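S.K.:
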Amino acid sequence: MAAMAAALRGPGRRFRWRTQALAGGARGAARGAAAGQQDYDLLVIGGGSGGLACAKEAAQLGRKVAVVDYVEPSPQGTRWGLGGTCVNVGCIPKKLMHQTALLGGMIQDAHHYGWEVAQPIRHDWRKMAEAVQNHVKSLNWGHRVQLQDRKVKYFNIKASFINKHTVCGIAKSGKETLLSADHIVIATGGRPRYPTHIEGALEYGITSDDIFWLKESPGKTLVVGASYVALECAGFLTGIKLDTTVMMRSIPLRGFDQQMSSLVMEHMESHGTQFLKGCIPTCIRRLPDGQLQVTWEDRTSGKKDTGIFDTVLWAIAQCASIFFSVLSCSRKNKKRDP
Ligand SMILES: Cc1cc2nc3c(=O)[nH]c(=O)nc-3n(C[C@H](O)[C@H](O)[C@H](O)COP(=O)(O)OP(=O)(O)OC[C@H]3O[C@@H](n4cnc5c(N)ncnc54)[C@H](O)[C@@H]3O)c2cc1C
Numbered sequence: 008m009a010a011m012a013a014a015l016r017g018p019g020r021r022f023r024w025r026t027q028a029l030a031g032g033a034r035g036a037a038r039g040a041a042a043g044q045q046d047y048d049l050l051v052i053g054g055g056s057g058g059l060a061c062a063k064e065a066a067q068l069g070r071k072v073a074v075v076d077y078v079e080p081s082p083q084g085t086r087w088g089l090g091g092t093c094v095n096v097g098c099i100p101k102k103l104m105h106q107t108a109l110l111g112g113m114i115q116d117a118h119h120y121g122w123e124v125a126q127p128i129r130h131d132w133r134k135m136a137e138a139v140q141n142h143v144k145s146l147n148w149g150h151r152v153q154l155q156d157r158k159v160k161y162f163n164i165k166a167s168f169i170n171k172h173t174v175c176g177i178a179k180s181g182k183e184t185l186l187s188a189d190h191i192v193i194a195t196g197g198r199p200r201y202p203t204h205i206e207g208a209l210e211y212g213i214t215s216d217d218i219f220w221l222k223e224s225p226g227k228t229l230v231v232g233a234s235y236v237a238l239e240c241a242g243f244l245t246g247i248k249l250d251t252t253v254m255m256r257s258i259p260l261r262g263f264d265q266q267m268s269s270l271v272m273e274h275m276e277s278h279g280t281q282f283l284k285g286c287i288p289t290c291i292r293r294l295p296d297g298q299l300q301v302t303w304e305d306r307t308s309g310k311k312d313t314g315i316f317d318t319v320l321w322a323i324a325q326c327a328s329i330f331f332s333v334l335s336c337s338r339k340n341k342k343r344d345p
């Protein structure tokens, strides 16, 4: 945000929507940037809640702004559009799935209040997922339109720094683009972490990056972790009547008020979420019928146990996604533009 404030203090610039294909022009462009001729007043890396808000404010204040956003697919291959975590794999789809669960509870209660509802009620994951995904796609489109309306240029490229004023972006097609700016804001957010030391974790597990984009119901699910992401996912899965277990190593909702956290857990247990407390998974294997056999260890007794699930969802932590660094796109640039 400091970079953005500085950008807003600087003199106005003439608009030059200019990008340079790297082939042939990279060194010249990077030198131009170093000499103070930038394409933009402000370049924002990351088109999530933070990056978009920053870019739109700067544009509203008369700056020439560009946003670059690129979603690295999840290990399971899930990808999504503009808007970052909140829109695509966070707050928005999560709240829609909570709403699904709440509606189910109300329909179940409804007959006590005189409503004639056929029992038992059934839920169709496919239908819900399609509606959630269509809503998210409409938001992706809305963000693109908002950027266009504010004359913020959007690039669907993965950025890495060449020097402090120049960024190299690589598109899905492999095409490289150089962009320069007086100020560059890093708003790259975070992504869910996998426990890479656990056999089968990466091959067979999913994360919150995948759950909202599943076309089929996850079925009987083991959620590993006791973060708010873990408990929220377990909450809506239980709410739509899926057999759901949370495996937690120590305390729930670390960093939150522990009295409140216990109440949350008790409430979830009373609604059917199962908890495996003080346990850590050690191995996941796929069985011939496609189900997942999870082995875990009780940390107090040291005893091992196993269970069979359809889905294992890791919700153990987020890690910052600054997967770009002060590196050049090509060896040539690296030598020339430190
Ligand atoms: C399941 C879940 C539920 C949540 N629920 C809530 C909630 O209810 N309320 C709440 O306040 N928060 C919630 N959050 C947190 C919230 O989603 C995040 O705090 C917020 O989205 C972070 O925004 P951001 O702009 O910092 O990053 P992000 O939204 O992650 O955006 C960063 C963007 O930058 C892109 N990017 C990264 N590196 C590069 C690069 N080198 N080049 C180009 N693009 C790049 C990323 O792909 C991404 O699109 C939830 C999160 C999750 C996972």
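Position 22 of the sequence shown, counted from 1, bears residue number 29 in the numbering used here, the numbering being contiguous throughout. Cβ coordinates follow ideal geometry from the N, Cα and C atoms, glycine included. These numbers come from a predicted model, not from an experiment.
Is the closest heavy atom of ligand 3 to the C-beta of Ile-52 under 7 Å?
M.R.: As far as ligands go, the structure on display features ligand 1 and does not contain ligand 3.
S.K.: Would you grab the beta carbon distance between Asn-147 and Leu-229 for me? Rounded to a whole angstrom, and I think it's under 8 Å.
M.R.: Contact flag wrong, Cβ pair sits at about 31 Å.
S.K.: Below 8 Å, can you find three or more Cβ-Cβ pairs linking the segment 154-162 to the segment 57-66?
M.R.: Counting Cβ pairs under 8 Å, three or more are found: they touch.
S.K.: Under three-state DSSP, which class holds Phe-263?
M.R.: Three-state DSSP puts Phe-263 in coil, outside helix and strand.
S.K.: State yes or no: is the C-beta of Leu-238 within less than 8 Å of the C-beta of Pro-225?
M.R.: Taking 8 Å as the Cβ cut-off, Leu-238 and Pro-225 do not qualify as a contacting pair.
S.K.: With DSSP as the reference, identify every bridge partner of Asn-170, one or two as the case may be.
M.R.: Note: Asn-170 sits in a beta bridge opposite Thr-173.
S.K.: Is Thr-184 near ligand 1, in the sense that its beta carbon is under 7 Å from a heavy atom of that ligand?
M.R.: No; taking the cut-off as 7 Å, the Cβ of Thr-184 has no heavy atom of ligand 1 nearer than that.
S.K.: Does the separation of the CB atoms of Met-275 and Gly-242 fall below 8 Å?
M.R.: Yes; because the gap between Cβ atoms is below 8 Å, this pair is in contact.
S.K.: For Ser-187, list the residues DSSP reports as bridge partners.
M.R.: Per DSSP, Thr-173.
S.K.: Which first and last residues belong to the beta strand (DSSP E) in which Ile-52 is found?
M.R.: That run of the beta strand (DSSP E) goes 47-52.
S.K.: Name the DSSP beta bridge partners of Phe-243, please?
M.R.: DSSP output for Phe-243 lists no bridge partner at all.
S.K.: Confirm, please, whether the CB-CB distance from Val-253 to Pro-288 is below 8 Å.
M.R.: Their beta carbons are not under 8 Å apart, which means Pro-288 does not touch Val-253 by this criterion.
S.K.: What does the alpha-carbon distance come out to for the pair His-105 and Ser-268?
M.R.: The alpha-carbon atoms of His-105 and Ser-268 are separated by roughly 18 Å.
S.K.: Can you name the start and end residues of the alpha helix (DSSP H) that Thr-107 belongs to?
M.R.: Segment 98-117, the alpha helix (DSSP H) holding Thr-107.
S.K.: Buried or exposed for Ala-327, going by 16 or more other Cβ atoms inside 10 Å?
M.R.: Classification for Ala-327: exposed.
S.K.: Could you give the first and the last residue of the continuous alpha helix (DSSP H) run that contains Val-139?
M.R.: It spans 132-156 - the alpha helix (DSSP H) in which Val-139 sits, taken as one unbroken run.
S.K.: So what does Cys-290 bridge to, in DSSP terms?
M.R.: Paired residue(s): Glu-206, Thr-302.
S.K.: Taking 6 Å as the limit between beta carbons, can you name the residues of its chain near Ala-233, skipping five residues before and five after?
M.R.: For Ala-233, where only same-chain residues beyond five positions count, the Cβ hits under 6 Å are Met-255, Pro-259.
S.K.: On a Cα-Cα basis, can you pick out the residue from Thr-107, Val-78, Gly-112, Met-113 that is closest to Asn-96?
M.R.: First, the amino acid is wrong: residue 96 is Val here, not Asn. Considering only alpha carbons, the answer is Val-78.
S.K.: Would Ala-28 be called buried (16 or more neighbouring beta carbons within 10 Å of its own) or exposed?
M.R.: Caution is warranted here: a pLDDT of 42 is assigned to Ala-28, below 50, making its placement in the model unreliable, and no coordinate value can be reported.
S.K.: Using 8 Å as the threshold, is the C-beta distance between Phe-219 and Val-139 below it?
M.R.: Yes.
S.K.: Based on DSSP bridge pairs, tell me the residues matched to Ala-283.
M.R.: Strictly speaking, residue 283 in this sequence is Leu, with Ala absent from that position. Looking at the DSSP assignment, Leu-283 forms a beta bridge with Met-254.
S.K.: Reducing DSSP to helix, strand and coil, say where Gln-325 ends up.
M.R.: Here Gln-325 sits in strand by DSSP.
S.K.: Which first and last residues belong to the alpha helix (DSSP H) in which Asp-312 is found?
M.R.: Where Asp-312 is concerned, there is no enclosing alpha helix (DSSP H), although the beta strand (DSSP E) it sits in stretches over 311-316.
S.K.: Once you ignore the five residues that flank Ala-194 on each side, which residues in its own chain have a CB closer than 7 Å to its CB?
M.R.: So the qualifying residues of the chain are Val-51, Ile-52, Gly-53, Gly-55, Gly-57, Gly-58, Cys-61.
S.K.: By alpha-carbon positions, which one of His-190, Val-124, Ile-213 ends up nearest to Lys-171?
M.R.: Minimum Cα distance to Lys-171 is reached at His-190.
S.K.: Suppose you measure from the CA of Ile-114 to the CA of Thr-251; what does that come to, to the nearest Å?
M.R.: Distance between the alpha carbons of Ile-114 and Thr-251 is about 21 Å.
S.K.: What does Phe-162 pair with, by DSSP beta-bridge criteria?
M.R.: DSSP, once it has assigned bridges, lists Val-75 as partnering Phe-162.
S.K.: Comparing alpha-carbon positions, which option in Ser-257, Lys-248, Arg-261, Arg-306 lies nearest Pro-127?
M.R.: Answer by Cα proximity: Lys-248.
S.K.: Specify, as a first and last residue, the run of the beta strand (DSSP E) that Leu-229 falls within.
M.R.: Unbroken beta strand (DSSP E) run through Leu-229: 228-231.
S.K.: Might you give, ordered along the chain, the residues of its own chain that have their beta carbon closer than 6 Å to the beta carbon of Gln-266, omitting 5 neighbours on each side?
M.R.: There are no such residues.
S.K.: The beta strand (DSSP E) with Gly-57 in it runs from where to where?
M.R.: It is not in any beta strand (DSSP E) - Gly-57 instead sits in the alpha helix (DSSP H) that spans 56-67.
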